[in-house]
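Those sequence lines, one after another, are chains F and R.
The working numbering runs 18 ahead of the 1-based position in the first sequence.
The working numbering runs 287 ahead of the 1-based position in the second sequence.
A quick write-up on the structure given underneath.
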Amino acid sequence: MSNVGRILIVEDDPKDVELTITALEEYNLANEVIVTRDGEEALDYLYSRGKYASRPNDLPAVMLLDLKLPKVDGLEVLRQVKSDENLKLVPVVVLTSSREEKDLISSYRLGVNAYVVKPVDFHEFVNAIKELGVFWAIINAVPPGSVRK
Amino acid sequence: MTNSNSNHRNLASTIRRYFLATLSVGMSLETSLFLARHNFEGVGFPIFLFGMALIAWYEGTGPAIFALLLSSIAFNYYFTAPIHTLYVTRSEIPYYVMFVLFASLVTWFSAVRRRVERDLTQSRDELAKEVVERTQQASLLDLSHDSIFVRDNNDIINYWNRGARELYGWNSEEAIGRTSHNLLQTVFPLPLDEINAELKQTGRWEGELMHTKSDGSRVSVSSRWSLRRDELGKPTAILETNNDISTQKRREEEIQSLNAELANWSAELEAANRELEAFAYSVSHDLRAPLRHMIGFAELLQKRVSGTLDDKSSRYLAMVLESAQRMGELIDDLLTFSRIGRAEAKMTSVSLDQIVKEVLSEARMETEGRNISWQISSLPCCHGDPSMLKLVLMNLISNAIKFTRQREQAMIEIGNSHGSPHEVVVFVRDNGAGFDMKYVHKLFGVFQRLHHADTFEGTGIGLATVQRIVHRHGGTVRAEGAMDQGATFYISLPKS
Numbered sequence: 019m020s021n022v023g024r025i026l027i028v029e030d031d032p033k034d035v036e037l038t039i040t041a042l043e044e045y046n047l048a049n050e051v052i053v054t055r056d057g058e059e060a061l062d063y064l065y066s067r068g069k070y071a072s073r074p075n076d077l078p079a080v081m082l083l084d085l086k087l088p089k090v091d092g093l094e095v096l097r098q099v100k101s102d103e104n105l106k107l108v109p110v111v112v113l114t115s116s117r118e119e120k121d122l123i124s125s126y127r128l129g130v131n132a133y134v135v136k137p138v139d140f141h142e143f144v145n146a147i148k149e150l151g152v153f154w155a156i157i158n159a160v161p162p163g164s165v166r167k
Numbered sequence: 288m289t290n291s292n293s294n295h296r297n298l299a300s301t302i303r304r305y306f307l308a309t310l311s312v313g314m315s316l317e318t319s320l321f322l323a324r325h326n327f328e329g330v331g332f333p334i335f336l337f338g339m340a341l342i343a344w345y346e347g348t349g350p351a352i353f354a355l356l357l358s359s360i361a362f363n364y365y366f367t368a369p370i371h372t373l374y375v376t377r378s379e380i381p382y383y384v385m386f387v388l389f390a391s392l393v394t395w396f397s398a399v400r401r402r403v404e405r406d407l408t409q410s411r412d413e414l415a416k417e418v419v420e421r422t423q424q425a426s427l428l429d430l431s432h433d434s435i436f437v438r439d440n441n442d443i444i445n446y447w448n449r450g451a452r453e454l455y456g457w458n459s460e461e462a463i464g465r466t467s468h469n470l471l472q473t474v475f476p477l478p479l480d481e482i483n484a485e486l487k488q489t490g491r492w493e494g495e496l497m498h499t500k501s502d503g504s505r506v507s508v509s510s511r512w513s514l515r516r517d518e519l520g521k522p523t524a525i526l527e528t529n530n531d532i533s534t535q536k537r538r539e540e541e542i543q544s545l546n547a548e549l550a551n552w553s554a555e556l557e558a559a560n561r562e563l564e565a566f567a568y569s570v571s572h573d574l575r576a577p578l579r580h581m582i583g584f585a586e587l588l589q590k591r592v593s594g595t596l597d598d599k600s601s602r603y604l605a606m607v608l609e610s611a612q613r614m615g616e617l618i619d620d621l622l623t624f625s626r627i628g629r630a631e632a633k634m635t636s637v638s639l640d641q642i643v644k645e646v647l648s649e650a651r652m653e654t655e656g657r658n659i660s661w662q663i664s665s666l667p668c669c670h671g672d673p674s675m676l677k678l679v680l681m682n683l684i685s686n687a688i689k690f691t692r693q694r695e696q697a698m699i700e701i702g703n704s705h706g707s708p709h710e711v712v713v714f715v716r717d718n719g720a721g722f723d724m725k726y727v728h729k730l731f732g733v734f735q736r737l738h739h740a741d742t743f744e745g746t747g748i749g750l751a752t753v754q755r756i757v758h759r760h761g762g763t764v765r766a767e768g769a770m771d772q773g774a775t776f777y778i779s780l781p782k783s
């Protein structure tokens with residue numbers, strides 16, 4: 019699995035981050051994972067500004083986005099990404115604990131590519147992450163400009 | 288006939304009147320002659336005048352003139368020289384002319400006086416009649432329960448009925464002659480000028496007034512004013528009818544305050560609902576996350592230490608995992624349950640057959656390896672929200688599958704039975720563990736379970752969800768069963 023794209027995780031809960039990375043590691047999908055801890059940091063990364071100002075200006079293969087985030091929440095990040103000519107090419111998967119219909123609807127309205135409810139069961143969680151990783155970081159043909167290593 | 292009769296009577300009366308005139312003249316003549324014979328001089332003159340006056344008074348103008356004529360002739364013949372001729376000597380002419388003039392004058396006076404008297408009598412009779420009429424009207428008004436009074440153009444009260452006395456506490460002697468607005472300390476809903484303008488224009492006015500009674504207490508009245516005009520259209524009086532609406536008013540105010548309270552409650556309820564929604568949201572998000580972590584890290588731990596832990600430690604770890612998982616199920620079921628209350632039902636015509644088919648295909652996992660004999664009748668359509676009704680049948684059918692687990696040969700029947708013409712009644716019957724009818728009231732409650740967790744797993748929310756959905760459709764649920772003899776669940780739904 020050499021051809022795994024860069025995965026951007028936007029998640030404020032370190033435990034969720036650890037579990038997600040563990041799951042990705044399990045399937046060797048974790049060779050390039052960027053973790054941002056809130057919406058603002060995620061946008062900084064995507065726009066290469068703030069502490070990411072010096073990073074090469076390329077896009078991740080997929081963004082795993084939590085909805086409930088400090089500062090700028092997930093839906094706002096999604097809105098900004100999908101209304102930016104350049105950024106809207108990045109596939110966004112909402113990965114959230116929320117089963118609320120209104121979150122689901124809002125996300126799809128804003129143009130989310132997939133909406134995944136984090137399963138409580140660890141196996142299911144690992145499976146979900148694995149499938150997401152495999153699909154978005156390996157199988158899916160990414161738009162030009164995003165990174166594949 | 289009547290006409291000729293009355294003609295007859297008129298003729299007879301005329302004849303009688305002229306006869307009386309003749310008779311009167313005759314008697315005056317006889318009396319005068321009799322007195323003259325006994326040497327009373329000059330009495331003929333007044334006696335004739337007296338007779339004519341009588342006739343003019345009692346028999347009217349015609350007979351009076353007739354009597355005047357006869358008297359003139361008789362006076363000429365008997366009392367002016369030369370006597371016993373119709374000639375009058377030159378010296379007697381003034382005397383005779385005097386007689387005729389006096390006679391005419393007396394006749395005329397008498398007739399005029401008579402006419403005046405007749406007119407007066409007529410007026411008096413009319414007046415008496417009107418007084419009777421008015422008195423009757425007034426006593427009729429007095430019978431009314433409404434408070435009625437009449438005031439003139441200067442608002443001076445000139446009539447005050449029993450109802451007014453009862454309402455305000457003043458009797459008519461006290462009220463009549465007083466200025467009504469002063470007496471009652473009237474509070475008007477709009478400027479008095481406007482009220483009077485409307486009254487003048489339309490002849491009436493209606494509205495609510497505030498009055499003060501004799502004991503100083505205030506009373507709200509519904510007031511109706513009518514303007515009375517004379518023949519020339521000039522306003523002469525105002526009839527004011529007042530009804531006590533204090534009670535009504537108080538009730539209205541009570542209703543208003545109750546409504547306000549209700550609106551308050553409803554706002555509070557809405558706020559509570561929103562809070563509940565926020566709570567459910569945070570449950571779904573915030574409670575699930577730590578649970579996921581517990582399970583995740585416990586599993587990772589399990590994986591790392593597998594083989595190195597003693598049996599007891601492994602069992603403890605497994606129990607931590609199991610409990611966390613069960614908590615996850617409980618949270619999920621509770622969220623589903625709470626969502627039913629908040630979700631908007633999308634009502635449409637629903638094919639229950641189709642839903643049963645879907646549920647059965649989704650339940651295939653649970654029925655694998657089981658020996659279940661299904662008996663499924665064709666079901667009617669009903670009116671409802673398809674996804675909610677699917678949840679209902681899913682719960683009932685998976686319950687039936689679950690509680691027949693210990694049967695060699697499980698039997699599950701899905702059918703419809705007769706209800707009222709407006710409803711569809713569907714039942715799910717099984718030959719499973721059943722329940723004691725003693726506890727039937729607990730069956731549909733949240734977290735109510737009638738079986739031990741180690742026999743039949745479950746969260747105790749399924750049937751509560753069923754009931755909640757069916758109630759939202761305006762239907763009913765009921766259950767029949769017996770220990771170890773299976774159970775039947777009936778749901779009624781509105782017909783499409």
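All residues carry an ideal CB built from backbone N, CA and C; glycine is no exception.
Just so it is clear, the structure is predicted and the values come from calculations on it, not from any experiment.
Exercise for the section: Can you have a look at Tyr777 of chain R and say buried or exposed, based on whether 16 or more other CB atoms are within 10 angstroms of its CB? Expected result: Buried.
Exercise for the section: Take Leu486 of chain R as the anchor and find which of R:Leu496, R:Glu495, R:Trp512, R:Val506 has the nearest alpha-carbon. Expected result: If we check each option's Cα against that of Leu486 of chain R, R:Trp512 comes out closest.
Handout entry: Closest residue to Gly57 of chain F among F:Leu107, F:Val95, F:Asp76, F:Arg117 (Cα-Cα distance)
Key = The option with the nearest alpha carbon to Gly57 of chain F is F:Val95.
Practice task
Would you verify that the beta carbon of Glu586 of chain R is, or is not, closer than 7 Å to some beta carbon of chain F?
Solution key: The beta carbon of Glu586 of chain R falls within 7 Å of a beta carbon belonging to chain F, placing the residue at that interface.
Practice task
Would you list the one or two residues that DSSP bridges to Glu700 of chain R?
Solution key: Bridge pairing for Glu700 of chain R: R:Gln662, R:Arg716 [DSSP].
Handout entry: Nearest residue (CA-CA) to Met724 of chain R, options R:Gly773, R:Arg694, R:Val712
Key = Of the listed residues, the one whose Cα sits closest to Met724 of chain R is R:Gly773.
Problem - Cutoff 7 Å: Ile582 of chain R Cβ touching any chain F Cβ - result: Ile582 of chain R counts as touching chain F.
Problem - Three or more C-beta pairs below 8 Å linking the region 542-558 of chain R and the region 66-83 of chain F - result: Counting Cβ pairs under 8 Å, fewer than three are found: no touch.
Practice task
Give every residue of the same chain whose Cβ lies closer than 7 Å to the Cβ of Trp492 of chain R, excluding the five residues on either side of it in the sequence, and list them in chain order.
Solution key: So the list reads Ile482, Glu485, Leu486, Trp512, once near-sequence residues are dropped.
Exercise for the section: Helix, strand or coil for Tyr133 of chain F, going by three-state DSSP, please let me know. Expected result: It is a strand residue.
Problem - Closer than 7 Å to chain R by CB, Lys89 of chain F - result: At a cut-off of 7 Å between C-beta atoms, Lys89 of chain F does not count as an interface residue with respect to chain R.
Exercise for the section: Leaving aside the five residues before and after Gln662 of chain R along the sequence, list all residues of the same chain whose C-beta is less than 8 Å from its C-beta, in chain order. Expected result: Met698, Ile699, Glu700, Ile701, Gly702, listed in sequence order.
Problem - Which listed residue (F:Tyr65, F:Gly23, F:Asp34) has its alpha carbon closest to that of Asn46 of chain F - result: Of the residues F:Tyr65, F:Gly23, F:Asp34, the one whose Cα lies closest to the Cα of Asn46 of chain F is F:Gly23.
Practice task
Using the Cα positions of Ser638 of chain R and Arg765 of chain R, report the straight-line distance between them to the nearest angstrom.
Solution key: Computed Cα separation, rounded: 22 Å.
Practice task
Give, in chain order, every residue of the region 97-121 of chain F whose Cβ lies closer than 7 Å to some Cβ of chain R.
Solution key: So the list reads Ser115, Ser116, Arg117, Glu118, given in the order they occur along the chain.
Practice task
List the DSSP bridge partners of Asn529 of chain R.
Solution key: Beta-bridge pairing links Asn529 of chain R to R:Ser434, R:Ser510.
Problem - Near-chain F residues of the region 675-702 of chain R (beta-carbon distance less than 8 Å), N- to C-terminal order - result: Residues of the region 675-702 of chain R with a C-beta atom less than 8 Å from some C-beta of chain F do not occur.
Practice task
Please list the residues of the region 606-624 of chain R that have a C-beta atom closer than 7 Å to any C-beta atom in chain F, keeping them in chain order.
Solution key: Flagged, chain order: Gln612, Gly615, Leu622.
Handout entry: Residues within the region 26-42 of chain F neighbouring chain R, beta-carbon criterion of under 7 Å
Key = Of all residues in the region 26-42 of chain F, Asp31, Lys33, Asp34, Leu37, Thr40 have a Cβ within less than 7 Å of some Cβ in chain R.
Practice task
Compute the Euclidean distance between the alpha carbons of Val393 of chain R and Arg411 of chain R, then round it to the nearest angstrom.
Solution key: Spanning the two alpha carbons is a distance of roughly 26 Å.
Exercise for the section: Using only alpha-carbon positions, find the residue among R:Asn440, R:Asn686, R:Leu621 that is nearest to Thr523 of chain R. Expected result: When only C-alpha atoms are compared, the closest one is R:Asn440.
Handout entry: Exposure label - Thr746 of chain R; buried when at least 16 CB within 10 Å
Key = Under a 10 Å Cβ-count criterion, Thr746 of chain R is classified as buried, with 16 or more other Cβ atoms of the shown protein chains found around its own Cβ.
Handout entry: Coil, strand or helix - Ala766 of chain R by DSSP
Key = Of the three classes helix, strand and coil, the one that applies to Ala766 of chain R here is strand, per DSSP.
Problem - Buried versus exposed, by CB contacts within 10 Å (16 or more), Ser20 of chain F - result: Because the pLDDT of Ser20 of chain F is 44, which lies under 50, any placement of that residue in the model is unreliable, and the number read from its coordinates should be weighed accordingly. Looking at its Cβ environment, which holds fewer than 16 other Cβ atoms inside 10 Å, Ser20 of chain F is exposed.
Practice task
Indicate the three-state DSSP secondary structure (helix, strand or coil) for Asn483 of chain R in the structure shown.
Solution key: Helix.
Practice task
For Val134 of chain F, return the contacting residues in chain R, with the cut-off set at a CB-CB distance below 8 Å.
Solution key: One finds nothing in chain R with a Cβ atom closer than 8 Å to the Cβ of Val134 of chain F; even the nearest lies about 13 Å away.
Problem - Neighbour flag for Leu150 of chain F against chain R, beta carbons, 7 Å - result: No, Leu150 of chain F does not count as interfacial toward chain R.
Handout entry: Integer-rounded CB distance, given that Val715 of chain R should sit under 8 Å from Ile684 of chain R
Key = 6 Å between Cβ atoms; contact.
Practice task
Return the Cβ separation of Val570 of chain R and Ala585 of chain R in integer angstroms, given the expectation that the two are a contact with Cβ distance under 8 Å.
Solution key: Rounded to whole angstroms, the Cβ separation of Val570 of chain R and Ala585 of chain R is 21 Å, and the two are not in contact under 8 Å.
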